[in-house]
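Q: The working numbering applies: residue 586 is where the sequence shown begins, and numbers increase by one.
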Amino acid sequence: MSPTSRRVATAPGHSSSPPARCWRDPGSPGCCTRVRPPSGAADPKRFPSPPRRPGKNMRRIALPLLACALALVGCSAEKTSPSQEAGHRPLPAPTVSVARRPLPPVVHTDAVLPTVRGDFGKKPVITVPKADPTGKFVVTPALTGHGREVADHDIAVVNYSARAWKAGKDLPATFAGAGKPAHPVLFTVGTGAVLPALDQAVRGQSVGSRVLVVAPPPAAYGSSGNPALGVSPTETVVFAVDIVDAVPAKATVPGRQHGAGAGLPSVRADASSVSLDVPDAAPPRDLVVRGLVDGSGPRVRAGQTVVLRRAGAVWNSNRGEDDVALFDTSWTTGPTPVVVGRHNLVEGLDRALVGATVGSRLLVVVPPALGYGSQAQQGIPARSSLVFVVDVLAAN
586 MSPTSRRVAT APGHSSSPPA RCWRDPGSPG CCTRVRPPSG AADPKRFPSP
636 PRRPGKNMRR IALPLLACAL ALVGCSAEKT SPSQEAGHRP LPAPTVSVAR
686 RPLPPVVHTD AVLPTVRGDF GKKPVITVPK ADPTGKFVVT PALTGHGREV
736 ADHDIAVVNY SARAWKAGKD LPATFAGAGK PAHPVLFTVG TGAVLPALDQ
786 AVRGQSVGSR VLVVAPPPAA YGSSGNPALG VSPTETVVFA VDIVDAVPAK
836 ATVPGRQHGA GAGLPSVRAD ASSVSLDVPD AAPPRDLVVR GLVDGSGPRV
886 RAGQTVVLRR AGAVWNSNRG EDDVALFDTS WTTGPTPVVV GRHNLVEGLD
936 RALVGATVGS RLLVVVPPAL GYGSQAQQGI PARSSLVFVV DVLAAN
């Protein structure tokens, strides 16, 4: 992408092919590749969301990765808040936060455990013993990978299968039937974005591993169970989790940065910080998208979950200022996964990301009509032009 404006067209659907990524972990070479399984993937609510428009119902987003499996990895049967239902997260958060939910410790046990058969990247077959579950929370690798170790605030990319121990039935999963592609899910590790069972499955494990998790109720659906899935309040759930990839919390796009051009903000960014200088001039009237770093990955499609680092500022209130005040940044909190092209973001930013290449750094100037319009937000006056810097690290 050259450092010129581009018109952004929407792209239908989303790809079921393996996730693409392009990022550089500080201290390691950059990479840009489509992630494939070996033989033998911050608080997302802070990401700028579309304004609520009076007189119109907000469109409720059904995440396209897998409709049924979202219910599996996310909430218990308790009522969720509107912000959880609005589609700002890759997966629904638990209704009781991990910090407040008493979790049993992860233990090693000599008890007979469920078995997992099948190669990494292919749908695993979970077999549970005839004996009752012990109530212990067990996390153990069934296959050990050779990739980087997954840490808190990384974005994990996983596939999984699940089976209810007592009910003896399979639950919704990201793996499809034979010959059909899996649809990995992405979540921020260690932030309560998913059930504790899945969070513990990846923490400290290596990319390329398949992990067996035996999750008693406190680590799965808690005291409410999940009636919609047929999971009782006393059910133990067994997971087989393939760790496909993990985007580091300090990942940045590789490549040399271009200037944005005359009349536009200048950007300084590295692995740990980002800053903007806004010119002493009126903002553009139309949406402007400039490529600051050229990505070499595939183009982002509407409906994909994209891993981003982003920062946002208000043009008008920072006009002529060096090192402007940011109303939002993930350079300090880590990358954020978000579904694009489905009205989860302000319209201008949503348009800019659909069609962008993985591995790009973008400067996006959003006019009020494609931002928050006449509705003021916290730290954002009404009728503001917005400036965003976005690193597109991965897409699935």
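Just so you know, even glycine gets a beta-carbon here, dropped at the ideal spot from N, CA and C.
Helix, strand or coil: how does DSSP classify Leu955 here?
A: Secondary structure at Leu955: helix, using DSSP grouped into helix, strand and coil.
Q: Could you tell me which residues DSSP puts in a beta bridge with Thr700?
A: Thr712
Q: Count Cβ pairs between the segment 949-956 and the segment 916-923 that sit closer than 8 Å; are there 3 or more?
A: no
Q: Closer than 7 Å by C-beta to Ala782: which residues in its own chain qualify, once you throw out the five before and the five after it? Chain order, please.
A: Cβ neighbours of Ala782 within its own chain (closer than 7 Å, five residues either side excluded): Val798, Ala800, Ala804, Ala805, Val822 and Phe824.
Q: Could you tell me the alpha carbon to alpha carbon distance between Asn901 and Asp976, rounded to whole angstroms?
A: 23 Å
Q: Per DSSP, what kind of secondary structure is Asn901 in: helix, strand or coil?
A: In the structure shown, Asn901 sits in a helix (DSSP, three-state: H, G or I).
Q: Taking the continuous alpha helix (DSSP H) assigned at Val787, which residues delimit it?
A: Pro781 to Val787
Q: If you drop the 5 nearest sequence neighbours on each side, which residues of the same chain put their C-beta closer than 8 Å to that of Lys721?
A: Pro689, Val692, Thr694, Ala696, Val799 and Pro801
Q: With respect to the alpha helix (DSSP H) encompassing Asp855, which residues constitute its N-terminal and C-terminal limits?
A: No alpha helix (DSSP H) contains Asp855, which DSSP labels as neither H nor E.
Q: Rounded to whole angstroms, what's the CA-CA distance from Val774 to Ile828? Just pull it up for me.
A: 12 Å
Q: Nearest-angstrom Cα distance between Ala967 and Pro869?
A: 17 Å
Q: Classify Pro699: buried if its beta carbon has 16 or more other beta carbons within 10 angstroms, exposed otherwise.
A: buried
Q: Apart from the five residues on each side of it in sequence, which residues of its chain come closer than 8 Å, Cβ to Cβ, to Val816?
A: Ala749, Ala752, Leu756, Ala805, Tyr806, Gly810 and Val822
Q: Excluding the 5 residues preceding and the 5 following Gly730 in the sequence, name in chain order all residues of the same chain whose CB lies nearer than 6 Å to its CB.
A: Ser791, Val792, Gly793 and Ser794
Q: Evaluate Arg853 with the Cβ neighbour count: other Cβ atoms within 10 Å of its Cβ, from every protein chain shown; 16 or more gives buried, anything less gives exposed.
A: exposed
Q: Hey, out of Ala831, Val924 and Gly848, whose CA is closest to Asn744's CA?
A: Cα-wise, what sits closest to Asn744 is Ala831.
Q: Can you round the beta-carbon distance between Ser945 and Val838 to whole angstroms, since I take them to be within the 8 Å contact cut?
A: 7 Å
Q: Reducing DSSP to helix, strand and coil, say where Glu906 ends up.
A: coil
Q: DSSP three-state label for Ala979, please.
A: strand
Q: Going by the beta-carbon positions, is the gap between Val723 and Val787 smaller than 8 Å?
A: Contact flag unset, no.
Q: Under the DSSP definition of a beta bridge, which residues are partnered with Pro922?
A: Val892.
Q: Could you check whether Asp862 and Asp907 sit closer than 8 Å to each other, using their CB atoms as the reference points?
A: yes
Q: Please state if the CB of Asp879 and the CB of Gly840 are separated by a distance shorter than 8 Å.
A: Yes. Within cutoff.
Q: Rounded to the nearest angstrom, how far is the Cβ of Gly1007 from that of Val742, given a contact under 8 Å?
A: Absent from the structure is residue 1007, since the part of the chain shown begins at 586 and ends at 981.
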